[in-house]
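Following: one structure in structure tokens, then a few remarks.
2 protein chains.
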Amino acid sequence: MDVVELLTQFNLTRQEATIYIALHTEGDSTGYEVAKLTGISRSNAYTSLASLVDKGAAYVMEGSANRYTAVALEEFCTNNIRRMQELKQKLISVMPQARAQPTGYITVKGENHILDKMQTMIVEADERVYLSLSKKILEHLLPALRDGLLRGIKVVIITDIALDLPGATIYRADKEANQIRLIADSTDVLTGDISDGAESTCLYSRSKNLIDLFKDALRNEITLIELRKGGNKL
Amino acid sequence: MDVVELLTQFNLTRQEATIYIALHTEGDSTGYEVAKLTGISRSNAYTSLASLVDKGAAYVMEGSANRYTAVALEEFCTNNIRRMQELKQKLISVMPQARAQPTGYITVKGENHILDKMQTMIVEADERVYLSLSKKILEHLLPALRDGLLRGIKVVIITDIALDLPGATIYRADKEANQIRLIADSTDVLTGDISDGAESTCLYSRSKNLIDLFKDALRNEITLIELRKGGNKL
DNA sequence: CTAAAGTGTTCCTGTTTAGGAATACTATAC
DNA sequence: GTATAGTATTCCTAAACAGGAACACTTTAG
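Order-wise, the sequence lines are chains B and E.
Position 194 of the first sequence, counting from 1, maps to 194 under the numbering used here, and the rest follow consecutively.
Just add 1000 to the spot in the second sequence (first one is 1) and you have the numbering used here.
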């Protein structure tokens, strides 16, 4: 994803993004200058500049000829994210009551959603999380795990390398690079792998039967590690 | 903004939003049930369900007949916001170098952008902020001010009601309801009002001359408050 | 067993909206 | 005259939105 495309994720059209970048790199400019800098038709340049102002990405410096200046990138992104937070709060307050969560077997599809689900499980854990996965996947989860440890969550990890995560219990074992096993609070489990990127699937469940199976499997895996290495606990 | 419209801000189409709400309130359903619940044509229901799964708003529960279940609302919003945070970091790392900030006079237009600018000024202050505004506007800024106080920022506020903000210096004076005066770190100022909603404008500047003018005006306002009330400092 | 209901998919049509390209006009300054 | 500045308008294309028909298969009920 290039810069223009990243900016489109912040609700700018391609032309608006192009113009934003020009304002950012070249400094404050008139509509006429912007059109020349970017090669966009003048009429569309003026339309886009007005839109950038509406969307909080640019300000006007009023004069005989108006000049436009980019809102600082970090400020613009932060403002967008703050807006999303506010919309989230609004949504939560007006959304009708939810039906009870299903207790069946849920397919989580796509690497991004699987990582999201893992983060959510860690963030929402009250007591403990057990993970068995490779360093590669674990790296995505370190901030959430660190935060969890700060909250007093018990964190137990089986992974394939030495890991510096104070407060966590780490076991070392060879791991399939993309395999995932995660259990949180004895209430929910996630298992599968992310070898197929967007086509990857994992199973998520709150089913007690599956949770028990998992706890046993993880417990046994830990016992075997300890027996084989005389306790390779770090 | 109703629920459907709020959900469109999280990248769902109107039909997807309608279906998400149905899944949320009625619980897990097949495509056929969803079409009946929502009155959306069956073929569009299936298309939208597939899209909801792609967008992380729903999961599949696979079986002879697939059932779909809504991702919890808070989880879905949080995942979206996390994604925006990640995109922000990516953008910051690939964006070309910015030209220097302008030192002229910038028009900030629209209530939302004005509030954004105030929040940014407070968040980015290193030493102190002075504010003269009504309680109505101040309420929007309290979290940022509290955080600033925690960071050791000096906060001085002239406002129209008693205010419980430990660590801040509060002066009481009648204030025009929508008038804004804010100065941060002796480096930037914002003044204007938000009486016209989306059409409101404020002036933002880093011009030393205007900053000096402001400091004098605020200082004098404080002196007059103290003389008139024998120091109505709270 | 048959018929109906449920499930899933493909294909089609029509309308509306948004993004973008281009032209033309007015106004000001030199 | 040219260059700059701003606005209005038209046209085109793709996507979104909406609805529906048709087909095939599975499950359920009588």
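Built from N, CA and C at the ideal position, the CB exists for glycine as well.
- Which chain B residues are close to isoleucine 952(E), counting only those with a beta carbon under 9 Å from its beta carbon? Lying outside 1001 to 1234, the shown extent of chain E, residue 952(E) is not represented and no answer is given.
- Cα separation between leucine 1218(E) and arginine 14(B)? Between the C-alpha atoms of leucine 1218(E) and arginine 14(B) there is a straight-line separation of about 44 Å.
- Do we get a CB-CB distance below 8 Å when we pair leucine 1133(E) with the residues of chain B? Interface annotation, leucine 1133(E): not in contact with chain B, CB-CB separation never under 8 Å.
- Query: Got a sec: is the Cβ-Cβ distance from cysteine 202(B) to anything in chain E below 8 Å?
  - Reply: Using a Cβ-Cβ cut-off of 8 Å, cysteine 202(B) does not count as an interface residue toward chain E, since no Cβ of chain E sits closer than that to its own.
- Query: So is leucine 1234(E) in contact with chain B if we call contact Cβ pairs under 8 Å?
  - Reply: At leucine 1234(E), the pLDDT of 49 sits below 50, so the modelled position is not reliable and the matter cannot be decided from this model.
- Query: With 16 other CB atoms within 10 Å as the buried threshold, where does serine 1200(E) fall?
  - Reply: Residue burial is scored here from C-beta neighbours: serine 1200(E) has at least 16 other C-beta atoms within 10 angstroms and is therefore classed as buried.
- Task: Taking only beta carbons into account, state which residues of the segment 44 to 71 of chain B come closer than 8 Å to chain E, listed in chain order.
- Result: Residues Val53, Asp54, Gly56, Tyr59, Val60, Met61, Glu62, Arg67, Thr69, Ala70.
- Item | Cβ-based burial, asparagine 1220(E) [other Cβ within 10 Å; buried from 16] | That one is exposed.
- Query: For threonine 107(B), which residues in chain E fall below 8 Å Cβ to Cβ?
  - Reply: Within chain E, the residues near threonine 107(B) are Tyr1059, Val1060, Met1061, Glu1062.
- Item | Whole-angstrom distance between cysteine 202(B) and serine 186(B), CA atom to CA atom | Between the alpha carbons of serine 186(B) and cysteine 202(B) lies a distance of about 18 Å.
- Query: When you compare only the Cα positions, how much space is there between leucine 1182(E) and serine 1132(E)?
  - Reply: When rounded, the separation of the alpha-carbon atoms in leucine 1182(E) and serine 1132(E) is 6 Å.
- Within the same chain, show all residues whose beta-carbon is closer than 8 Å to that of isoleucine 222(B), passing over the 5 residues directly before and after it, in chain order. Excluding positions up to five away in sequence, the list reads Val156, Ile158, Tyr171.
- Message: List, from N- to C-terminal side, the alpha helix (DSSP H) runs of 4 residues or more that fit wholly inside the segment 80 to 161 of chain B.
- Response: List check, alpha helix (DSSP H) in window: 111 to 124, 135 to 150.
- Message: Between Leu149(B), Arg82(B), Gly27(B), which has its C-alpha nearest glutamine 1009(E)'s C-alpha?
- Response: The alpha carbon of glutamine 1009(E) has as its nearest neighbour, out of Leu149(B), Arg82(B), Gly27(B), the alpha carbon of Arg82(B).
- Message: Can you pull the chain E neighbours of alanine 100(B), defined as C-beta to C-beta under 9 Å?
- Response: What alanine 100(B) touches in chain E: Gly1027.
- Nearest-angstrom beta carbon gap, methionine 121(B) and leucine 190(B) [assumed within contact, 8 Å]: 6 Å between Cβ atoms; contact.
- Item | Length-filtered (4 minimum) alpha helix (DSSP H) runs lying within the segment 9 to 38 of chain B | For the alpha helix (DSSP H) assignment, the uninterrupted runs of no fewer than 4 residues enclosed by the segment 9 to 38 of chain B are, from N- to C-terminal side, 14 to 26, 31 to 38.
- Which class does isoleucine 1222(E) belong to by DSSP, given the choice of helix, strand or coil? For isoleucine 1222(E), the secondary structure class from DSSP, reduced to helix, strand or coil, is helix.
- Quick one: does isoleucine 222(B) have its CB under 8 Å from some CB of chain E? Against chain E, the CB of isoleucine 222(B) has no partner CB under 8 Å away; the residue lies outside that interface.
- Message: For a contact defined as C-beta to C-beta under 7 Å, what are the partners of valine 1156(E) on chain B?
- Response: In chain order: nothing, as chain B lies at least about 24 Å away.
- Rounded straight-line distance, which links the Cα of leucine 1091(E) to that of valine 3(B): Spanning the alpha carbons of valine 3(B) and leucine 1091(E) requires a straight line of approximately 6 Å.
- Message: Let me make sure I understand the geometry here. Which of Leu150(B), Glu139(B), Thr78(B) has the alpha-carbon closest to that of glutamate 127(B)?
- Response: For the residues Leu150(B), Glu139(B), Thr78(B), the minimum Cα distance to glutamate 127(B) belongs to Leu150(B).
- Item | Inter-residue spacing [alpha-carbon to alpha-carbon] between valine 1123(E) and proline 143(B) | Spanning the two alpha carbons is a distance of roughly 23 Å.
- Item | Inter-stretch contact (C-beta, 8 Å, three-pair minimum) for the segment 1049 to 1061 of chain E and the segment 1069 to 1083 of chain E | Touching, yes, given that three or more Cβ pairs across the two stretches are closer than 8 Å.
- As assigned by DSSP and simplified to three states, the class of glycine 192(B): Here glycine 192(B) sits in strand by DSSP.
- Item | Which of helix, strand or coil DSSP assigns to leucine 1234(E) | Only weak support is given to the placement of leucine 1234(E): the predicted model assigns it a pLDDT of 49, under 50, and the value that follows is read from those uncertain coordinates. Leucine 1234(E): coil per DSSP, three-state reduction.
- Item | For histidine 113(B), the nearest candidate out of Asp193(B), Glu226(B), Lys154(B), Leu224(B) (CA to CA) | Residue Asp193(B) holds the alpha-carbon nearest to the alpha-carbon of histidine 113(B) among Asp193(B), Glu226(B), Lys154(B), Leu224(B).
- Task: Helix, strand or coil for threonine 169(B), going by three-state DSSP, please let me know.
- Result: Strand at threonine 169(B).
- Query: If you check the beta carbons only, do alanine 50(B) and alanine 35(B) fall under 8 Å apart?
  - Reply: Cβ atoms of alanine 50(B) and alanine 35(B): not closer than 8 Å.
- Message: Can you find the residues in the same chain that come closer than 6 Å, C-beta to C-beta, to asparagine 319(B), ignoring five residues on each side of it along the sequence?
- Response: Look at the range of chain B in this structure, 1 to 234, and you will see that residue 319(B) is not part of it.
- What does methionine 1095(E) touch in chain B if you count any residue whose Cβ is under 8 Å from its own? Going along chain B in sequence order, the residues near methionine 1095(E) (Cβ under 8 Å) are Val3, Ile21, His24, Leu73.
- Message: Within a Cβ cutoff of 7 Å, which residues of the same chain sit near leucine 1012(E), ignoring the five residues on either side of it in sequence?
- Response: So the qualifying residues of the chain are Tyr1020, Lys1055, Ala1057.
- Query: Identify the residues that DSSP records as bridge partners of valine 60(B): which are they?
  - Reply: Valine 60(B) is bridged to Tyr68(B), Thr1107(E).
- Keeping to the same chain, check which residues put their C-beta closer than 7 Å to that of leucine 1210(E); ignore five residues upstream and five downstream. Val1189.
- Task: Have a look at leucine 1234(E) and glycine 1110(E) and give me their C-alpha separation to the nearest angstrom.
- Result: In this prediction, leucine 1234(E) has a pLDDT of 49, which is less than 50 and means its spatial position is unreliable; nothing more can be read from the coordinates.
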